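Report on the following structure.
Quick look at the structure:
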């Protein structure tokens, strides 16, 4: 990426406005590559080692966060009546324009990717890409081998939706399952299993493409992706 002004790099983090960034530089509180910055219009790449008051500042052009979504929150950037997943993040990250790449229902838990990389979000959600999404579901009913075979062929739902073939692994004697989709229609897992006579009582997303939920994250917790996770995801772009 081309070099950018120092004040623009600092403000791109969401922590400071351009005016505040300029003032930090003038006060001698910003260093780059171990040297106190002299002017706010000095240009650097985003990979430069930038520090404010001695603390490192990440000026990466995009942010990639893994969130363990708890129930009760909307997978949206804002809502007038219901808290969203962005309410779990500090304010400076919300100012970055993060959005959920691949939504989960309000009562569904598990893996949610938050990013400001629009190209990656499009790649993950594009019907042409068929990025696998794996869920764990508990059901009110009993799933059988016949259900596995029906999903493998591709279900036609009562409303006429033709689903792509999906994988179904029976768990807990058929009272639960691991289901793998290659698409992401509205409430699809719930609609598919209800059509087979096994309504979903709990649903959790375990993975999306190469990204697997870090079980060390408790519901509501988040972390930045590792370099390996970012590399694997960006290969989808």
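Numbering (my numbering), first residue to last: 22 to 258.
Backbone N, C-alpha and C define an ideal beta-carbon position, used for all residues, glycine too.
Just so you know, these numbers come straight off a predicted model, no measurement behind them.
In this structure, residue 96 places its C-beta atom within 8 Å of the C-beta atom of residue 124.
Remark: C-beta atoms of residue 109 and residue 243 approach each other more closely than 8 Å. Between residue 79 and residue 26, the CB-CB gap reaches or exceeds 8 Å. Taking the C-beta atoms as reference points, residue 246 is found no nearer than 8 Å to residue 141. Going by DSSP, residue 46 is part of the alpha helix (DSSP H) stretching over 39 to 47. Ranked by how close their Cα comes to the Cα of residue 70, the residues 86, 83, 51 and 59 have 51 in first place. For residue 96, the secondary structure class from DSSP, reduced to helix, strand or coil, is coil. In this structure residue 182 does not touch residue 168 by the C-beta definition: roughly 17 Å separates them, more than the 8 Å allowed. Leaving aside the five residues that flank residue 165 on each side, the residues in its chain whose CB is nearer than 8 Å to its CB run, in chain order, 191 and 195. Shown here, residue 80 sits in coil according to DSSP, grouped into three states, outside any helix or strand. A residue is called buried once 16 or more other Cβ atoms fall within 10 Å of its Cβ, and residue 121 is buried on that count. Annotation: residue 36 is outside any beta strand (DSSP E) and is labelled neither H nor E by DSSP. Along the stretch 78 to 158, the alpha helix (DSSP H) occurs as fully enclosed runs of 4 or more residues at 112 to 115 and 139 to 146, listed in sequence order. DSSP places residue 188 in the uninterrupted beta strand (DSSP E) bounded by 188 to 192. For residue 202, there is no enclosing alpha helix (DSSP H); the residue is part of the beta strand (DSSP E) that begins and ends at 197 to 202.
Residue pairing of residue 65 in beta bridges, as defined by DSSP: 25.
Judged by DSSP secondary structure, residue 211 falls within the alpha helix (DSSP H) whose first and last residues are 209 to 216.
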